[in-house]
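Trainee: Quick one: the structure is below, questions incoming.
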Amino acid sequence: MKRHADILFYVSVGAGMALATSVFTMIGGLFAVASLPWIVTGVVLAGLFCGAISLSIGELASLYPSAPGIRTYFKAAFGEFPSLVAIYLYLAFAIIVAGLESFVFASVVGMVAPDWPREATVLVLLLVVVGTNLAGFQLPRGLQIGSTVGAVGLVLVAAVWALARNGSAPHPLSPPLAGSLAQLPALVGMSIFLFTGFEWVTPLGLKPSAYKMQIPVSMLLGLLVLTLTYVLFTLGAAAQVPATSLAGALAPQVALFRQIYGEVGLYVGLALSVLAIFSTFNAGILGGAQLIYLLGREGALPPWLAVMSPRTATPTGAILLLGSLASVSAIIVLTFRLEITAALVGATIMCAVYSGFVACGLRLKTRPAAPGRRFTNPLPAWAQILLVPVLLIVGVQTLFSEPKTTVSALVGLAVVLAIACLLATYSTSLRAGERRAATAMPRRVE
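Residue 1 is where the sequence shown starts when you use full-length UniProt numbering, and the numbers rise one by one after that.
Now the structure itself:
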């Protein structure tokens, strides 16, 4: 019984971290570029890809249990500088998604209370999240499970109800929303965004033996739940909501809820957004802050980012920095309406990071693990090798999925890459300076 409860907790963390409010914005983006069969195909393939990625991550986690994954894996496999670039890309993704989540949440609140300014919602949300993290509050296991089950349940009930009703707005399979095989790589890349965050369960193993089977199996189960949820939601939304209303919709889940529940659907959409904030946003800010704190402790960032509150045991400086950057990200997305651009850039970053995880797994395959803890990736080596470039290709294709946002997405990615490389260079020089200072011998006074 205890074992099953542990697995349920792991599944709820993995699925809950991925099921953010912004995933529905990306689903609206999918409806803008492809027809229903191709969207479903892209989502299913993305789920399978993430399943393969999770096997590599599971193997890495068994080698380095409870470690800050991305920094540890990339450093062990490829060295200092590549690991720093990877961690800064990961943090950039967290900042982009934090801004996107804030904007989408504010938009959902605006649907319920049209007179309430979005800027105020973003500000209040970020202040609450940062304050919660500074106070050291983390969701108890029961609330984590409950928030994830509640969010998944709201989506599945609405989707099944929508499919059971007579569809009033069947999705057309003809142009301009018809898909093609040439679009499939981009659709897969966009759909991978829907699953990002499933790997955040890996540092949370409740005992060392969990990394042998429970953590890897839980990631696969979480991905299965997410795939089923997204496919049913997509089918249900297409059955009830006009295609033109879904294409590029900021909050297609609210459109579906209103269609089947009437005006009450607005409040159901708000409830789903609140649950997503509980299970995703709050933990995401804390997780990102812990990575910044780690870099501060290593001497790769200024020491004030390694300050830990003695009362709450939270990384105060890192939380304040990440909260500030998330606020800037939210303001940029809100001011320039860059929600789709932000989602596409985020998807491309994570395709590259996931490709790196698989490459790390291949590189560290011969590294020994503690007895009774090693999980071995069952995929053949050739499949893992093939997955590395395939993920990079679908990530690049994602940038070109929507012609209206291609330029802004390319510029955004270039800026993020440049900043990540500059920060990695800065961190490398900072650490080198500390090492030189530590090894320098004081002059002997005659």
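Glycine included, every Cβ here is placed at the ideal spot set by N, Cα and C.
Since the model is a prediction, treat every value here as computed from it, not as a measurement.
Measure the C-alpha to C-alpha separation of Gly179 and Leu387 and round it to an integer number of angstroms.
Mentor: Along the sequence shown, one-based indexing puts residue 179 at 179. Along the sequence shown, one-based indexing puts residue 387 at 387. Residue placement at Gly179 is poorly supported in this model, since its pLDDT is 49, which falls under 50; the coordinates still yield a value, given next. The straight-line gap from Cα to Cα measures roughly 24 Å.
Trainee: Have a look at Val33, Ser107, Lys75 and flag the residue whose alpha-carbon is nearest the alpha-carbon of Val274.
Mentor: Against the sequence shown, residue 274 aligns to sequence position 274. Checked all of Val33, Ser107, Lys75; the closest Cα to Val274 is Ser107.
Trainee: Nearest-angstrom Cα distance between Gly395 and Met190?
Mentor: As a first step, residue 395 must be located in the sequence shown, where it is residue number 395. As a first step, residue 190 must be located in the sequence shown, where it is residue number 190. Straight-line Cα distance between these residues: approximately 8 Å.
Trainee: Check whether the stretch 335-344 touches the stretch 398-406, counting contact only when three or more Cβ pairs, one atom from each stretch, lie closer than 8 Å.
Mentor: yes
Trainee: How many angstroms separate the CA atom of Gly197 from the CA atom of Ala18?
Mentor: For the purposes of this step, residue 197 is identified with residue 197 of the sequence shown, where counting begins at 1. For the purposes of this step, residue 18 is identified with residue 18 of the sequence shown, where counting begins at 1. Their backbone Cα atoms lie some 5 Å apart in a straight line.
Trainee: Assign Trp38 to one of two classes, buried (16 or more other C-beta atoms within 10 Å of its C-beta) or exposed (fewer than that).
Mentor: The count along the sequence shown starts at 1 and reaches residue 38 at position 38. Its Cβ being crowded by 16 or more others within 10 Å, Trp38 is buried.
Trainee: Using 9 Å as the threshold, is the C-beta distance between Thr314 and Ala289 below it?
Mentor: Locating residue 314 in the sequence shown gives position 314, counting from the first residue. Locating residue 289 in the sequence shown gives position 289, counting from the first residue. Contact: yes.
Trainee: Taking 8 Å as the cut-off, does the stretch 76-84 touch the stretch 236-254 (at least 3 CB pairs, one atom from each stretch)?
Mentor: no
Trainee: What is the C-beta distance between Arg118 and Leu334, in whole angstroms, given that I count them as a contact (C-beta under 8 Å)?
Mentor: In the sequence shown, counting from the first residue as 1, residue 118 sits at position 118. In the sequence shown, counting from the first residue as 1, residue 334 sits at position 334. Right, their Cβ atoms sit about 6 Å apart.
Trainee: Would you mind reading off the limits of the alpha helix (DSSP H) that contains Ser107?
Mentor: If you number the sequence shown from 1, residue 107 lands on position 107. 80-112 is the extent of the alpha helix (DSSP H) around Ser107.
Trainee: Could you check the C-alpha separation between Ala330 and Ala438 for me, to the nearest Å?
Mentor: Within the sequence shown, numbered from 1, the residue matching residue 330 stands at position 330. Within the sequence shown, numbered from 1, the residue matching residue 438 stands at position 438. Distance between the alpha carbons of Ala330 and Ala438 is about 41 Å.
Trainee: Which same chain residues end up closer than 6 Å to Arg363 when comparing Cβ atoms and leaving out the 5 residues on each side of it in sequence?
Mentor: Taking the sequence shown and counting its residues from 1, the one referred to as residue 363 is at position 363. Closer than 6 Å at the Cβ level, and outside the excluded window around Arg363, lie Ala77.
Trainee: For Arg311, tell me which candidate among Phe137, Ala86, Asn377 has the shortest Cα-Cα distance.
Mentor: Walking along the sequence shown from the start, residue 311 turns up at place 311. When only C-alpha atoms are compared, the closest one is Phe137.
Trainee: Tell me which same chain residues have a C-beta within less than 7 Å of the C-beta of Cys360, skipping the five on either side of it?
Mentor: Here residue 360 refers to the residue found at position 360 of the sequence shown. Excluding positions up to five away in sequence, the list reads Leu60, Tyr73, Phe74, Ala77.
Trainee: Would you kindly report the start and end of the unbroken alpha helix (DSSP H) that includes Ile57?
Mentor: By 1-based counting over the sequence shown, the position of residue 57 is 57. Its alpha helix (DSSP H) spans residues 36-63.
Trainee: Let me check understanding here. Comparing Cα to Cα, which of Leu181, Gly29, Asn133 lies closest to Leu322?
Mentor: If you number the sequence shown from 1, residue 322 lands on position 322. Closest by C-alpha distance to Leu322, out of Leu181, Gly29, Asn133, is Asn133.
Trainee: Assign Glu263 to buried or exposed, taking buried as 16 or more other Cβ atoms, counted over all protein chains shown, within 10 Å of its Cβ.
Mentor: Working through the sequence shown from its first residue, we reach residue 263 at position 263. Exposed: under 16 other Cβ atoms inside 10 Å.
Trainee: Taking a contact to mean a Cβ-Cβ separation below 9 Å, would you say Val112 touches Leu250 in this structure?
Mentor: Mapped onto the sequence shown, residue 112 falls at position 112. Mapped onto the sequence shown, residue 250 falls at position 250. Contact flag unset, no.
Trainee: Go to Arg367, then tell me how far its alpha helix (DSSP H) extends in each direction, as first and last residue.
Mentor: On the sequence shown, position 367 is the one that residue 367 refers to. No alpha helix (DSSP H) holds Arg367; DSSP gives it neither H nor E.
Trainee: Would you mind working out which of Leu126, Tyr88, Val85 sits nearest Phe105, comparing C-alpha positions?
Mentor: Here residue 105 is taken as the residue at index 105 of the sequence shown, counted from 1. Out of Leu126, Tyr88, Val85, Leu126 has the C-alpha closest to the C-alpha of Phe105.
Trainee: Please classify Val109 as buried or exposed, where buried requires at least 16 other C-beta atoms within 10 Å of its C-beta.
Mentor: Position 109 of the sequence shown, counted from the start, is the residue given in the question as residue 109. Its Cβ being crowded by 16 or more others within 10 Å, Val109 is buried.
Trainee: When burial is assigned at 16 or more other CB atoms within 10 Å of the CB, is Trp116 buried or exposed?
Mentor: Residue mapping note: residue 116 aligns to position 116 of the sequence shown, counting from 1. The residue is exposed, with fewer than 16 neighbouring Cβ atoms inside 10 Å.
Trainee: Smallest Cα separation from Gln384: which of Leu55, Leu8, Tyr211, Ile332?
Mentor: Working through the sequence shown from its first residue, we reach residue 384 at position 384. Of the listed residues, the one whose Cα sits closest to Gln384 is Leu55.
Trainee: Among the residues of its own chain, which have a CB less than 8 Å from the CB of Ile319, if the five just before and after it don't count?
Mentor: Your numbering for residue 319 matches position 319 in the sequence shown. Around Ile319: Val130, Asn133, Leu134, Ile285, Leu286, Ala289.
Trainee: If I'm right that Ala300 touches Arg436 with Cβ under 8 Å, what's the distance once you round it to whole angstroms?
Mentor: Sequence index remark: in the sequence shown, residue 300 carries index 300 (1-based). Sequence index remark: in the sequence shown, residue 436 carries index 436 (1-based). Not quite, the Cβ-Cβ distance comes to about 15 Å (not below 8 Å), so this is no contact.
Trainee: Hey, is the stretch 84-94 in contact with the stretch 413-430, meaning 3+ C-beta pairs nearer than 8 Å?
Mentor: yes
Trainee: Quick one: measure Cβ to Cβ for Cys50 and Leu232, integer angstroms, because I've assumed they're closer than 8 Å.
Mentor: Here the question's residue 50 lines up with position 50 in the sequence shown. Here the question's residue 232 lines up with position 232 in the sequence shown. Between Leu232 and Cys50 the Cβ distance is about 18 Å, and since that is not below 8 Å, they are no contact.
Trainee: List the whole-angstrom C-beta distance separating Ile145 from Leu272, where the pair is believed to meet the contact cut-off of C-beta under 8 Å.
Mentor: Numbered from 1 along the sequence shown, position 145 holds the residue referred to as residue 145. Numbered from 1 along the sequence shown, position 272 holds the residue referred to as residue 272. Rounded, the Cβ-Cβ distance is 17 Å, inconsistent with contact.
Trainee: Is the distance from the Cβ of Phe343 to the Cβ of Phe195 below 9 Å?
Mentor: Looking up residue 343 in the sequence shown gives position 343. Looking up residue 195 in the sequence shown gives position 195. Here the sequence assigns Ala to residue 343, which means Phe is not the residue at that position. Not a contact, by the Cβ cut-off of 9 Å.
Trainee: Rounded to whole angstroms, what is the Cα-Cα separation between Tyr211 and Gly58?
Mentor: For this step, residue 211 is matched to residue 211 along the sequence shown. For this step, residue 58 is matched to residue 58 along the sequence shown. Their backbone Cα atoms lie some 7 Å apart in a straight line.
Trainee: Assign Val201 to one of two classes, buried (16 or more other C-beta atoms within 10 Å of its C-beta) or exposed (fewer than that).
Mentor: For this step, residue 201 is matched to residue 201 along the sequence shown. That one is buried.
Trainee: Report all residues from its chain with a CB closer than 6 Å to the CB of Thr227; omit the five preceding and five following residues, and keep chain order.
Mentor: Taking the first residue of the sequence shown as position 1, residue 227 is located at position 227. Correct list, in chain order: Gly47.
Trainee: Determine the direct distance from the alpha carbon of Thr244 to that of Ala5, and round the result to whole angstroms.
Mentor: One-based indexing of the sequence shown puts residue 5 at position 5. One-based indexing of the sequence shown puts residue 244 at position 244. Roughly 43 Å separates the two Cα atoms.
Trainee: So, are the CB atoms of Ala15 and Val225 less than 9 Å apart?
Mentor: The count along the sequence shown starts at 1 and reaches residue 15 at position 15. The count along the sequence shown starts at 1 and reaches residue 225 at position 225. A contact, by the Cβ cut-off of 9 Å.
Trainee: Name, in chain order, the residues that DSSP records as bridge partners for Met308.
Mentor: By one-based count along the sequence shown, residue 308 stands at place 308. Answer by DSSP bridge pairing, in chain order: Pro315.
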